[in-house]
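The structure appears below as structure tokens.
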Amino acid sequence: MLIIKTYKNEYSSFLKKVNLKRILLYFITSILALVGLTLSLTFRTPAPTSKPDTDFVLKGILVFDPKTNRFDRLDLRFENSKIAEVSDSSSSTNSEFSNMTATPGLADMHAHLPPNNLLDLIPYFSLLYLSHGVTVLRVAGDIDGTSVPYAKDGISKNLFFGPKIFSCDAFVTAGIPRWKNSIVVESPEQAAQAVRTLEAKGADCIKSYENLTVPMIRALVKSAQERNLTVLGHVPFGLTYEEASIPDVQHFFGVPRPDSIEKNTVVHRGSDWENVDEKLLNDIVIFSKLNRIANTPTLVASERLLSFLDYDSALLQPSVLFMPRFFREIVWNPIHGIPAYRNLDPAYLRENVEKALRKKMRLVYKLFQAGAELRLGSDTQQPFVVPGDSLQREMKLFQKAGIPSEEVWNLATIKAHESLKNFDSFRIRPGTSPDLLLFRKNPVSNLENLSSLYAVVAQGRLYRKKDLDLLLEEHKRRFENPIYETISFWLGKIVLEKQTKEFQN
Ligand SMILES: [Zn+2]
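According to full-length UniProt numbering, the sequence shown is numbered sequentially starting from 1.
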């Protein structure tokens, strides 16, 4: 009897324990599920509710051809994202698009995308580009190698909207690599091998980066040219523009002579231009012309750096407000932000950065006059350089430098597409899927009218700006969610520390 009773007691306490365990397990699982659900709802990227039109008619539009500087009044009928018919338009048409100015799509020739992580910013960045009329990106280095594959896949499947992407993929560099997605080379042979590796991976261009020696650069360029790939890049610290002779020079690095650069930092390399005189500018022009060197000066990155003169006001600029708060307040923070841009002296900004910018604009004009190749790129994610908006700013800086606005359009569209061999994007003929921007006011003669963008046709798909703007608002609401803000601040700090570990200078 006793044995049975004891057994019963033990059995019931065992049952209680099991129940307690079960309840506890159930409780924990529910909490985790709830947290997971909240997180996934908070982090869920707004999906496009409307699809772009693939069958539509653009009636009575004024098509601007930057090559011939002509406007043609046309009717364009699209079927299945391809032009089915092009006809001259009678001027009396009255339709949604009649009398709008159509230009080719813009190309940002020095772009970057954020990494693919929990914050899921790639769909938003892609949308920002598109909603500002940027239909083509040349990604000048995929920082951790995750962004371009994700962006290309999502855009091609219509999971989110964005431009057509050309990418240099990894940085070819020597010494300690600055970014995770780098191919570190130690000899000219390895530099040539890096090109073969990148070609096999499907890269569209080669990004020549830091610490490479002249023989390494020569081997890189030779190997790339044999494969019809453009080499764009930084003139490494310590070399002159002429010594490095990179086919597409970024940021005018190498123009100031190495001995006049105070420190090996990106800010000093880009802004210690005190000793750059008229003769040096002219020499650079002659050298560029003779060696067919193109330049992507990214003037806007220098101009936006000046926002640090009044950080509090910069935070309120409408374009800056497009960015999630952790970008504005962490990544671009003047004290704790990207290490290379921390604690910039206001006197240095005024004396060096601003004056260097003026000289760079002179150089842009001189290169233009001499007929040297120029590309418009913006170097997004540098402080206050906002996707899309930055390319429009770059266009205005080119015009301010003295280049007629029609020619700025030519450089930012046709010339850029030609250099990418992206010919289809501006051919107006049956069977093609062009990129076109439709403006209510003519932006060709007046770049201020870029703000009158009404619709974007990207690869033959029509997006109305108002729909893109609504989607942008949805993304912004997601960023402003307190849970997203808290987590993005925390995660943003970790990502920033991790990514810029080797970008202290
Ligand atoms: Zn860059």
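Glycine included, C-beta positions come from ideal geometry on N, C-alpha and C.
Within 8 Å, strictly: CB atoms of residue i and residue j
i, j, result
"L470", "A416", "no"
"A314", "V385", "no"
"L62", "D75", "no"
"L127", "F78", "no"
"L437", "L453", "yes"
"V249", "N181", "no"
Residue burial classification, residue i (beta-carbon count within 10 angstroms, cutoff 16)
i, result
"V195", "buried"
"A33", "exposed"
"S30", "exposed"
"E473", "exposed"
"K465", "buried"
"F253", "buried"
"P434", "buried"
"I28", "exposed"
"K498", "exposed"
"W490", "exposed"
"R393", "buried"
"T486", "exposed"
"Q381", "buried"
"M1", "In this prediction, M1 has a pLDDT of 46, which is less than 50 and means its spatial position is unreliable; nothing more can be read from the coordinates."
"R44", "exposed"
"Y279", "This sequence places Lys at residue 279; Tyr is not what is there. K279 comes out exposed."
"F97", "buried"
"Q369", "exposed"
"A107", "buried"
"N352", "buried"
"R304", "buried"
"K366", "buried"
Proximity to residue i [Cα-Cα], best of the options
i, options, result
"S137", "S156, T101, H112, E186", "The sequence given here has Leu at residue 137, not Ser. Minimum Cα distance to L137 is reached at H112."
"L450", "P346, M100, F71", "M100"
"Q504", "L309, S452, R464, H268", "H268"
"K201", "F166, R178, S187, W179", "F166"
"T213", "C205, T197, A191", "A191"
"K67", "R427, K164, T486", "R427"
"V172", "G145, P163, E303, S302", "G145"
"V185", "N158, R478, L220", "L220"
"G270", "A340, E189, T432", "A340"
"A401", "S187, T380, L357", "L357"
"R477", "M323, W273, P387", "M323"
"T298", "S378, I338, R292, I246", "S378"
"D345", "Q317, F308, P318, L374", "F308"
"A372", "E351, L411, R77", "L411"
"E199", "R218, Y209, L229", "L229"
"D153", "A140, K180, A170, P123", "P123"
"D120", "I143, S147, S95", "S147"
"F125", "P46, T296, L367", "P46"
"T103", "D467, V408, K222", "V408"
"I143", "V457, P443, K207", "K207"
query: Counting pairs of beta carbons, one from the segment 284-301 and one from the segment 235-252, are three or more of them closer than 8 Å?
result: Yes, the segment 284-301 touches the segment 235-252.
query: Would you call the segment 415-433 and the segment 45-55 in contact, with 3 or more CB pairs under 8 Å?
result: Taking 8 Å as the limit for Cβ pairs, the verdict is that the segment 45-55 does not touch the segment 415-433.
task: For the segment 152-205, list the beta strand (DSSP E) runs that are entirely contained and at least 3 residues long, ordered along the chain.
output: If we require 3 residues or more, the beta strand (DSSP E) runs fully inside the segment 152-205 come out as 164-167, 171-173, 182-184.
message: Please give the ranges of any beta strand (DSSP E) in the segment 54-108, keeping only runs that are unbroken, at least 3 residues long and fully inside the region.
response: Those beta strand (DSSP E) runs which fall completely within the segment 54-108 and span 3+ residues are 56-65, 70-79, 82-88, 101-104.
Length-filtered (3 minimum) beta strand (DSSP E) runs lying within the segment 221-280: As for any beta strand (DSSP E) of minimum length 3 sitting wholly inside the segment 221-280, the runs are 230-233, 248-250, ordered along the chain.
- request: Evaluate contact between the segment 275-286 and the segment 244-263, counting only Cβ atoms and requiring at least three cross-stretch pairs below 8 Å.
  value: Two segments are said to touch when three or more pairs of C-beta atoms, one from each, lie closer than 8 Å; by this definition the segment 275-286 touches the segment 244-263.
query: Do the segment 444-464 and the segment 115-134 meet, that is, are 3 or more Cβ pairs less than 8 Å apart?
result: Yes: the two stretches touch, three or more of their Cβ pairs being nearer than 8 Å.
- prompt: If you scan the segment 295-326 from start to end, which runs of the alpha helix (DSSP H) of 4 or more residues do you find wholly inside it?
  reply: As far as the segment 295-326 is concerned, its whole alpha helix (DSSP H) runs of at least 4 residues are 299-305, 311-314.
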